[in-house]
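Student:
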Amino acid sequence: MSGVIQRLERAWARRRVPAGAGPDPDDARRDVVLITGASEGIGLSLAHEFAAAGHDLALVARSEDKLAENAEALRAAHGIRVDCFAIDLAIHGHCDRLAEDLEARGLRVDVLVNNAGIGLSGEFVEHATADVLRLVDLNMRVLTDLMHRYLPEMLERGGGGVLNVASLGGALPGPYQAAYYASKAYVISLTEAVAHEIGGRGTRLSVVVPGPVATRFHKSMGAESALYTKVIGCMDPDVVARAAYQGFRCRKVIITPGILTTFNYFAVRILPHTLTTPLMGVLLKKRRFLQP
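Residues 38 to 329 (our numbering) make up the sequence shown, in order.
1. Could you tell me which whole alpha helix (DSSP H) segments of length 4 or greater appear in the region 183–248?
2. What does the alpha-carbon distance come out to for the pair Gly74 and Ala98?
3. Does the beta-carbon of His115 have 16 or more other beta-carbons within 10 angstroms, so that it is buried, or is it exposed?
4. Is it right to say Phe285 is buried, meaning 16 or more other beta carbons lie within 10 angstroms of its own, or is it exposed?
5. Got a sec? Which residues, its chain only, sit under 6 Å from Met184 by beta carbon, not counting five neighbours each side?
6. Decide if His156 is buried, meaning its Cβ has at least 16 other Cβ atoms within 10 Å, or exposed.
7. If you draw a straight line from the alpha carbon of Ala48 to that of Gly239, how long is it in whole angstroms?
8. Return the Cβ separation of Leu126 and Cys132 in integer angstroms, given the expectation that the two are a contact with Cβ distance under 8 Å.
9. Straight-line CA distance for Gly130 to Ile42?
10. Using alpha carbons as the reference points, say which of Pro315, Ala208 and Ser76 lies closest to Val224.
11. Which same chain residues end up closer than 7 Å to Lys289 when comparing Cβ atoms and leaving out the 5 residues on each side of it in sequence?
12. Going by beta-carbon coordinates alone, are Ala136 and Val119 separated by less than 7 Å?
13. Could you tell me the distance, in whole angstroms, from the CA atom of Asp174 to the CA atom of Asn152?
14. For Thr73, name the three-state secondary structure that DSSP assigns.
15. For Lys221, which residues in the same chain have their Cβ closer than 6 Å to its Cβ, ignoring the five residues on either side in sequence?
16. For Phe300, count the other beta carbons within 10 Å of its own beta carbon; 16 or more makes it buried, fewer makes it exposed. Which is it?
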């Protein structure tokens with residue numbers, strides 16, 4: 038029975054795929070899973086999930102040393118091929134550079150994982166304009182660029198997919214992390230809308246929406262003295278990545294890792310912002326007495 042259900046699900050997911058669509062037999066490029074922000078945290082954990090399933094990887098991050106170390110570990114653990122690209126995608130023109138480097142190495146993006154992102158903690162008006170615009174560039178522009186760049190070819194083949202990494206914060210306003218929360222709202226909205234547009238064409242499109250995750254992210258954005266880091270439990274990045282991978286394989290559009298995250302996601306979408314915004318302000322504001 039499960040086999041019949043799986044065949045029906047696959048047929049429904051490909052109901053709008055034109056006859057004859059598929060990989061070009063004359064295309065000699067090697068399929069890879071392209072993962073941005075792959076030096077640590079969720080990105081690295083997702084790399085292990087895809088590698089364990091036998092996918093070759095193309096890893097992108099700023100740190101060449103971390104990429105090389107991760108690539109060696111992934112090859113040893115999973116026996117797959119790993120290409121590394123030490124590129125700062127937030128710099129304008131570097132998405133073009135990445136595309137050129139991929140082409141030069143004979144690689145084709147079969148799955149895109151948009152994980153790269155940064156945050157800012159504190160009052161919006163206190164941040165340097167350059168820092169806010171860098172967040173907008175990396176969290177929104179780069180994600181949109183790569184999606185728009187590689188999704189059309191996936192649709193032509195009737196396969197592949199895009200997995201975007203957002204945050205539970207994208208479901209509501211976040212005072213004292215305003216730009217970050219807004220950027221993740223964009224990611225969720227874009228994913229849901231485009232997933233509807235391409236439904237039935239064989240290409241997966243998902244967004245994972247985790248709550249706080251136990252990575253260096255909170256410290257790097259200067260939020261270690263915010264109340265939420267002390268009172269809200271953080272998820273393990275491996276657990277988030279496993280849920281994200283499984284949800285992506287099952288063609289879920291919105292992936293909420295864990296029962297508590299799922300409850301919180303739907304709760305904050307139902308509750309009025311007049312209630313949730315002040316509450317988030319209390320949780321996200323940095324406190325002097327919590328400074329390390």
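C-beta atoms are modelled at their ideal positions from N, C-alpha and C, and glycine is treated no differently.
Computed from a predicted structure; not experimentally measured.
Tutor: On the basis of the data shown:
1. The qualifying runs are 215–234.
2. 5 Å
3. buried
4. Phe285 comes out buried.
5. Correct list, in chain order: Val199.
6. First, the residue type needs correcting, since residue 156 is Gly and not His in the sequence shown. So Gly156 ends up on the buried side.
7. 9 Å
8. 6 Å
9. 45 Å
10. In terms of CA proximity to Val224, Ala208 leads the group Pro315, Ala208 and Ser76.
11. Ser243
12. no
13. 13 Å
14. strand
15. Ala203, Ser204, Gly206 and Gly207
16. exposed
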